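Reminder that position 87 of the sequence shown reads as 139 in this note's numbering, one-by-one numbering, no gaps.
Only one structure is covered here, and it is reproduced in the block below.
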Amino acid sequence: MIYPRIITIIAYRDLQRFWKYKWWLAGLVAMNLADLFIFALIFRGIVRRDIVPDYFYFLAPGIASISAFAAAFTIGREVMMELRRAFHHYLLSLPFSRLELVAGRVVSGIVRGFIYQIPFIILLIVIAKTPSFLDLLIVVSTTIMVTASMSSLSIAISTLVKSLEFQATIRSLVYFIIFFMSNVFYPESIVRLRFPEIIYIMVVNNPISIATTIYRDIFTPHVIHETYSIEVLIAKLAIWTAILVATGSILYMRNLQR
């Protein structure tokens, strides 16, 4: 039986560790704000308006997706360090099950993503529009799914690779593939026009692309030329979440049993 209180305690412990990286967080915030207020404003006057009506409002929802993704992805490094130092043996001696430990780590990734993303969601509300109650529920659900899937992916990578250097390399590679193989910086219509069909399929089905499209549809619909079904997007993101959470949990459980 899984006890929510135990999961909350594990997530709270991880959250306390998360605040120790305050300078890293400050640098990440500065980088995201620079992308929005320097990069986006510069390209606002360069990108053709018939392709992207306003690049600043086009990029802002993407930054919200990336912020949640980056914060949730950090949980994998801590899992890897605990496995490397055999600290997980101590955790397993505590009065909770392996499944509760795994669930607590995923919840920790969700909470990290939420905390880091909140300022960017508030910024979207200020500069774009105030969402309805239903839209706000969709935003919250999207953030839960994208952070759960990305934290699980990070945990899966961390449990598969034993070498610290190789693990850091793989995590960085996966991070940048997800980051740049998305529609955060460029519209899907251009990807379809300029790249092979397989690249377009990968971009539009990237979890970060799906989340970004949902945020754009809610906060800045005037920058989207394509027509999307929110229900289909949520279903696709839910499938990604189920697959990645299951994969990350199984691999983490396998390592805990060694």
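Yeah, the Cβ is synthetic: ideal placement off N, Cα and C, and Gly gets one too.
Note that the structure is a prediction, hence the values are computed from the model and not measured.
Exercise for review: Taking all protein chains shown into account, decide if T60 is buried (16 or more other Cβ within 10 angstroms of its Cβ) or exposed.
Suggested key: Locating residue 60 in the sequence shown gives position 8, counting from the first residue. So T60 ends up on the exposed side.
inquiry  = Please list the terminal residues of the continuous alpha helix (DSSP H) segment that includes M133.
reply    = On the sequence shown, residue 133 is found 81 positions in, with the first residue counted as 1. Segment I127 to R136, the alpha helix (DSSP H) holding M133.
Please give the ranges of any beta strand (DSSP E) in the region 128-211, keeping only runs that are unbroken, at least 3 residues long and fully inside the region. none
What is the residue span of the alpha helix (DSSP H) that Y267 lies within? Residue 267 sits at position 215 when you count from the first residue of the sequence shown. It spans P259 to F271 - the alpha helix (DSSP H) in which Y267 sits, taken as one unbroken run.
Indicate whether S206 and I62 have their beta-carbon atoms separated by less than 8 Å.
Taking the sequence shown and counting its residues from 1, the one referred to as residue 206 is at position 154. Taking the sequence shown and counting its residues from 1, the one referred to as residue 62 is at position 10. No. Outside cutoff.
Using 8 Å as the threshold, is the region 190-202 in touch with the region 286-305, meaning 3 or more CB pairs across them? yes
When you compare only the Cα positions, how much space is there between F232 and W75?
The sequence position of residue 232 within the sequence shown is 180, counting from 1. The sequence position of residue 75 within the sequence shown is 23, counting from 1. Roughly 25 Å between the two C-alpha positions.
Can you tell me the Cα-Cα spacing of R268 and A112, whole angstroms?
By one-based count along the sequence shown, residue 268 stands at place 216. By one-based count along the sequence shown, residue 112 stands at place 60. Going by the C-alpha atoms only, they are around 8 Å apart.
Q. Hey, quick one: how far does the alpha helix (DSSP H) through R65 stretch, first residue to last?
A. If you number the sequence shown from 1, residue 65 lands on position 13. Looking at the DSSP string, the run of the alpha helix (DSSP H) that includes R65 is P56 to F70.
Exercise. Sorry if obvious, but does the Cβ on V192 come closer than 7 Å to a heavy atom of the ligand ADP?
Worked result: The model on display carries no ligand, and the ligand ADP is accordingly not part of it.
**OP:** Report back the beta-carbon spacing between I242 and I103 to the nearest angstrom; my notes put them in contact at under 8 Å.
**Re:** By one-based count along the sequence shown, residue 242 stands at place 190. By one-based count along the sequence shown, residue 103 stands at place 51. I242 to I103, Cβ: 7 Å. Contact.
Return the CA-CA distance between Y168 and R246, expressed in angstroms with no decimal places. Taking the sequence shown and counting its residues from 1, one reaches residue 168 at position 116. Taking the sequence shown and counting its residues from 1, one reaches residue 246 at position 194. C-alpha separation (whole angstroms): 34 Å.
Next item on the list: Rounded to whole angstroms, what's the CA-CA distance from L146 to N307? Just pull it up for me.
Entry: For the purposes of this step, residue 146 is taken as the residue at position 94 of the sequence shown. For the purposes of this step, residue 307 is taken as the residue at position 255 of the sequence shown. Straight-line Cα distance between these residues: approximately 17 Å.
Quiz item: Can you name the start and end residues of the alpha helix (DSSP H) that L285 belongs to?
Solution: If you number the sequence shown from 1, residue 285 lands on position 233. Residues I282 to L308.
>> With a threshold of 8 Å, are at least 3 pairs of Cβ atoms found where one atom belongs to the region 83-90 and the other to the region 114-132?
In response: yes
**Prompt:** So which of P56, V256 and V158 has the shortest CA-CA distance to A294?
**Reply:** Numbered from 1 along the sequence shown, position 242 holds the residue referred to as residue 294. The shortest C-alpha separation from A294 is found at V158.
TODO: Could you check what DSSP says for V236 in three-state terms: helix, strand or coil?
DONE: Taking the sequence shown and counting its residues from 1, one reaches residue 236 at position 184. Looking at V236 - three-state DSSP - the assignment turns out to be coil, as it is neither helix nor strand.
Counting along the chain, where does the alpha helix (DSSP H) carrying E249 start and finish?
Translated into the one-based positions of the sequence shown, residue 249 becomes position 197. First-last of the alpha helix (DSSP H) with E249: E249 to V256.
message: If I measure Cβ to Cβ from Y252 and keep anything under 6 Å in the same chain, skipping five residues before and after, which residues do I get?
response: Indexing the sequence shown from 1 puts residue 252 at position 200. For Y252, where only same-chain residues beyond five positions count, the Cβ hits under 6 Å are V243 and R244.
Are there 16 or more other CB atoms within 10 angstroms of the CB of E217, so buried, or fewer, so exposed? Translated into positions along the sequence shown, residue 217 becomes position 165. Label assigned to E217: exposed.
- Option nearest V297 by Cα separation, candidates A124, T272, E278 and M132: Indexing the sequence shown from 1 puts residue 297 at position 245. Ranking the options by Cα distance to V297, first place goes to A124.
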